[in-house]
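Okay, structure first, notes after.
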Amino acid sequence: MALFRGLLVLSLSCLQVPCLVFFPASAMELFGQQIVSGPTQEKLEPLSFLMLGNQESRGHTALKKAPGDCKEALTPEQNRRLAQAMMAFTTDLFSLVAQRSTSPNLILSPLSVALALSHLALGAQNQTLQRLQQVLHADSGPCLPHLLSRLCQDLGPGAFRLAARMYLQKGFPIKEDFLKQSEQLFGAKPMNLMGKKGDDLANINQWVKEATEGKIEDFLSELSDDTVLLLLNAIHFQGFWRSKFDPSLTQRETFHLDEQFTVPVDMMQARTYPLRWFLLEQPEIQVAHFPFKNNMSFVVIVPTYFEWNVSQVLANLSWDILHQPLLRERPTKVQLPKLHLKYQLDLVATLSQLGLQELFQAPDLRGISDQSLVVSSVQHQSTLELSEAGVEAAAATSSAMSRMSLSSFSVNRPFLFFILEDTTSLPLFVGSVRNPNPGPRMQVLMLLLWTGALLGHGSCQNNAGSPEEGSPAPDTTGVSVEEEDPFFKVPVNKLAAAVSNFGYDLYRVRSSMSPTANVLLSPLSVATALSALSLGAEQRTESSIHRALYYDLITNPDIHSTYKELLASVTAPQKNLKSASRIIFEKKLRIKSSFVAPLEKSYGIRPRVLTGNSRLDLQEINNWVQAQMKGKIAKSTREISSEISILLLGVAYFKGQWVTKFDSRKTSLQDFHLDEERTVRVPMMSDPTAVLRYGLDSDLSCKIAQLPLTGSMSIIFFLPLKVTQNLTLIEESLTSEFIHDIDRELKTVQAVLTVPKLKLSYEDEVTKSLQEMKLQSLFDSPDFSKITGKPIKLTQVEHRAGFEWNEDGAGTTPSPGIQPARLTFPLDYHLNQPFIFVLRDTDTGALLFIGKILDPRST
142 MALFRGLLVL SLSCLQVPCL VFFPASAMEL FGQQIVSGPT QEKLEPLSFL MLGNQESRGH
202 TALKKAPGDC KEALTPEQNR RLAQAMMAFT TDLFSLVAQR STSPNLILSP LSVALALSHL
262 ALGAQNQTLQ RLQQVLHADS GPCLPHLLSR LCQDLGPGAF RLAARMYLQK GFPIKEDFLK
322 QSEQLFGAKP MNLMGKKGDD LANINQWVKE ATEGKIEDFL SELSDDTVLL LLNAIHFQGF
382 WRSKFDPSLT QRETFHLDEQ FTVPVDMMQA RTYPLRWFLL EQPEIQVAHF PFKNNMSFVV
442 IVPTYFEWNV SQVLANLSWD ILHQPLLRER PTKVQLPKLH LKYQLDLVAT LSQLGLQELF
502 QAPDLRGISD QSLVVSSVQH QSTLELSEAG VEAAAATSSA MSRMSLSSFS VNRPFLFFIL
562 EDTTSLPLFV GSVRNPNPGP RMQVLMLLLW TGALLGHGSC QNNAGSPEEG SPAPDTTGVS
622 VEEEDPFFKV PVNKLAAAVS NFGYDLYRVR SSMSPTANVL LSPLSVATAL SALSLGAEQR
682 TESSIHRALY YDLITNPDIH STYKELLASV TAPQKNLKSA SRIIFEKKLR IKSSFVAPLE
742 KSYGIRPRVL TGNSRLDLQE INNWVQAQMK GKIAKSTREI SSEISILLLG VAYFKGQWVT
802 KFDSRKTSLQ DFHLDEERTV RVPMMSDPTA VLRYGLDSDL SCKIAQLPLT GSMSIIFFLP
862 LKVTQNLTLI EESLTSEFIH DIDRELKTVQ AVLTVPKLKL SYEDEVTKSL QEMKLQSLFD
922 SPDFSKITGK PIKLTQVEHR AGFEWNEDGA GTTPSPGIQP ARLTFPLDYH LNQPFIFVLR
982 DTDTGALLFI GKILDPRST
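Here it is, written out as structure tokens:
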């Protein structure tokens, strides 16, 4: 019940049952040679009996005489040296396992394997004992089993549990002292093998299942007739985060497998997690300690580069580096993937490579029995679950004798991990994760325009020669690619997304030029003028325009006809959007009819040639704007330059109507925080029971809300968690794909809502902004020979826009059928500080307006 109440994912991680299976040497001579020279067996071998000797032989003191000297409590120095030895053994063991494995994810418990080997050491003598001690980096001689046993007893009671068992062939002559010490040190009670394979396997697997609390089932698949002794140990660890993660913040995020491929994962999130972390420069890795309640930690090692291997990282990751008890915790924004790992392997080949070949050929195990024995198999299986509540690990081992701003720590790429005891940094478990979600097909960065734009988390500027959207790149990796979102398979929606990504790029550049001022843009009108102009461009110039508009990533032979559909859709009468574009040429220019006809057909634009009279030309342009915008855009007083060659003009006006109107009687002057120090009073519309769609983005540190408008449109607001005029983090994330995902993922809730009344206008050039967007060639030496035979170039791009919202709406209640989610806490959404808004057409996904509001008073 406690786990359920705590929403804990049982992290029964790495329950290891080292099972050593022993066979008489006569039956194992040939088999032992095959194990050493052959590949690791794929199926689980029967647990071989492990014969541990307790005799004194050839100058080596038998372990039966050591207990009196080994019963003293562990000193701090012994603890330290033992932990260092275990870390060295862990590094050796896991490096070899990683080299041999083809699995994307690995997990094992070096402590469980070490306990199995130390159990074996109870009966090993002479060179066999020396080899075991060398592999375990032990300098404690015959006391090693006792020290490890004592160390395990001292580990976190409740969270850490060790179980052990021995299975003996009935009538097998095992030495009494070995049986006694096995039970005293490891709690391994002897049980008889009944001689019936099915029953014996069922009994063994049932014990493993119970010892691992159901996390490991069917551990052994067969048991050899020659098995005389089976040694097993099981380790169970369950950790509860000292600061648990809020399950409501867990969401699907991107995990980068490498620089090209990604998979979606459930990512746990926290904004201010108490974390101990540091950066190691050689190799370049980040190390973070996630503390449990029980003096244990989940330690994550994230290499900076994708190209890394376990051996290289571990070679530079000593016990001294990981053991930093004085490192202070600091509040950190954290992302950590939920995990469910399972891994099993036969350790014979790995242990042989470590120097224990003798175990599988002709070991000296006379401390177990006077009969000659060999180890035939060493089986290991581990599982791990990582969730908001904590870690649960289970592992089973059987031995048979016969690869970032550190203010945030995002585990969104391949990593190593340990579970360590905090006082000594003793490694209980070790693992690596290269693909936490190997089931789904991987997504390829930049294979599709929208995926590339989202994962780039910033400017969607594409590269020439990128694969066209809709036609996957040749599969040379054997990895399947995630299918395109059905929404973007509709040609007009795909075109809208491309044009919108141009709009987000334009907004970012414009905002960076005006970091302390409001920004208002209707990028569609500018994109329309550019797209129309491309009709008159030859290939080189046309390609430049198309790259800026993201057309090069669209498989559409008739972009201009599709653009006509887009314009008809977003400017339909019910949308309340007025948008128009114009192309104006220098005086006396002769324009080819072959350019004029498609221009009017697809874009409804009639080109205009200047008269050369600045006053008359300005008047004509103002009259055109007034007619297109129904008088909603003020007349311009800007003079028309005599140097104009090509002038592009984009104008737009929008006055939204909410689906649910605000009560004007509740509108009042309220505080708007310009920054942390300055506050102004502005008219604020209020709705104490507003129904809206809501989400929290911990990566962007902002709250997102979506309010519906009539005409199948909506406004999405991005409100930082802290008052700031620096909205760059949010701005860099804006792409068509990101906004589309938001539209799908936000949840309908009821909230106390306040929104400032707004009436904004914009009139200025965006010439410099376009030049910053790699369109400088249009202003230098473009080829517009499809327009005229005279050399012409783009000289000026003007944009005029008006935007307004107030209390007006279609109704006083939300649309019927909308059921907001029930929340256990009141939700407030107050746009009383700097924010960003996006006006989006729901039908096509087109970006119609975007604004940065630092001060609602500015007009």
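Just so you know, we're using this note's numbering here: the sequence shown kicks off at 142 and counts up by one. Note that the Cβ used here is the ideal one computed from N, Cα and C, for glycine as well.
### Task
Tell whether a beta-carbon distance below 7 angstroms holds between residue 652 and residue 904.
no
#### Entry: Close beta carbons around residue 841, own chain, < 7 angstroms, minus the five adjacent residues each side
870, 871 and 874
### Task
Please report the residue range of the alpha helix (DSSP H) in which residue 648 lies.
632 to 654
### Query
Which residues does DSSP pair with residue 843 in a beta bridge?
838 and 861
### Message
Which residue wins for smallest C-alpha separation from residue 785, given the options 724, 827 and 745?
### Response
724
#### Entry: Spatial neighbours of residue 849 in its chain, beta-carbon cut-off 6 angstroms, leaving aside the 5 residues before and after
800 and 855
### Query
Anyone know if the C-beta pair for residue 571 and residue 556 falls short of 7 angstroms?
no
### Neighbourhood of residue 472 by C-beta distance below 6 angstroms, restricted to the same chain and skipping five residues each side
413
### Message
Suppose only complete runs of 3+ residues qualify. What are the beta strand (DSSP E) ranges in the segment 909 to 956, listed by chain order?
### Response
935 to 946 and 950 to 952
### Query
Between residue 691 and residue 643, which are expected to be in contact by the criterion C-beta below 8 angstroms, what is the C-beta distance as a whole number of angstroms?
6 angstroms
### Query
Do residue 567 and residue 307 have their C-beta atoms within less than 7 angstroms of each other?
no
### Query
Is the segment 388 to 400 touching the segment 371 to 380 in the sense that three or more CB pairs, one from each, lie closer than 8 angstroms?
no
### Query
Near residue 649, what residues of its chain come up, given a Cβ to Cβ distance below 6 angstroms and the 5 sequence neighbours on each side ignored?
872
### Task
Taking residue 664 as part of the beta strand (DSSP E), name the residues at either end of that continuous run.
Element bounds for residue 664: not the beta strand (DSSP E) but the alpha helix (DSSP H), 664 to 674.
### Query
Under 7 angstroms between the Cβ atoms of residue 656 and residue 697?
no
#### Entry: Residues of its chain near residue 606, where Cβ-Cβ distance is below 7 angstroms and the 5 sequence neighbours each way are ignored
Because the pLDDT at residue 606 is just 36, under 50, the model does not fix this residue reliably, and the point stays unresolved.
### Message
Using only CA atoms, which one of 484, 305 and 310 lies nearest to residue 247?
### Response
484
### Check whether residue 891 and residue 979 have beta carbons under 7 angstroms apart
no
### Query
Where in the segment 315 to 378 do unbroken runs of the alpha helix (DSSP H), each at least 4 residues long, occur, reported from the N-terminal end onward?
317 to 327 and 338 to 352
### DSSP bridge partner residues for residue 719 (one or two, in chain order)
794
### Message
Taking contact to mean 3 or more Cβ pairs, one atom from each stretch, closer than 8 angstroms, check whether the segment 479 to 496 and the segment 446 to 466 are in contact.
### Response
no
#### Entry: Which of helix, strand or coil DSSP assigns to residue 677
helix
### Query
Using the beta-carbon count (16 or more within 10 Å), is residue 429 buried or exposed?
buried
### Task
Check whether the segment 922 to 937 touches the segment 816 to 835, taking contact to mean three or more Cβ pairs, one atom from each stretch, closer than 8 angstroms.
no
#### Entry: Assigned exposure category for residue 993 - 16 Cβ within 10 Å defines buried
buried
### Query
When you compare each of 469, 369 and 740 to residue 332 by their alpha carbons, which one comes out closest?
369
### Message
Once DSSP output is grouped into helix, strand and coil, what is the label at residue 992?
### Response
strand
### Residue range of the beta strand (DSSP E) that includes residue 1016
Because the chain here runs from 142 to 1000, residue 1016 falls outside it and cannot be looked at.
### Message
Using 8 angstroms for Cβ pairs, my map puts residue 437 next to residue 561. What's the rounded Cβ distance?
### Response
7 angstroms
### Query
Which whole-angstrom value describes the C-beta separation of residue 277 and residue 319, a residue pair presumed to lie in contact below a C-beta threshold of 8 angstroms?
Not confirmed; about 19 angstroms, so no contact.
### Task
Would you give the residue range spanned by the alpha helix (DSSP H) that residue 231 belongs to?
217 to 241
### Query
From residue 710 to residue 677, what distance separates their C-alpha atoms?
25 angstroms
### Task
Within the same chain, show all residues whose beta-carbon is closer than 8 angstroms to that of residue 659, passing over the 5 residues directly before and after it, in chain order.
901, 992, 993, 994, 995, 996 and 999
### Task
Grab the span of the alpha helix (DSSP H) containing residue 762 for me, first residue to last.
755 to 769
### Task
Mark residue 988 as exposed unless 16 or more other C-beta atoms lie within 10 angstroms of its C-beta, in which case mark it buried.
buried
### Task
Work out the CA separation of residue 475 and residue 550 for me, nearest whole Å.
5 angstroms
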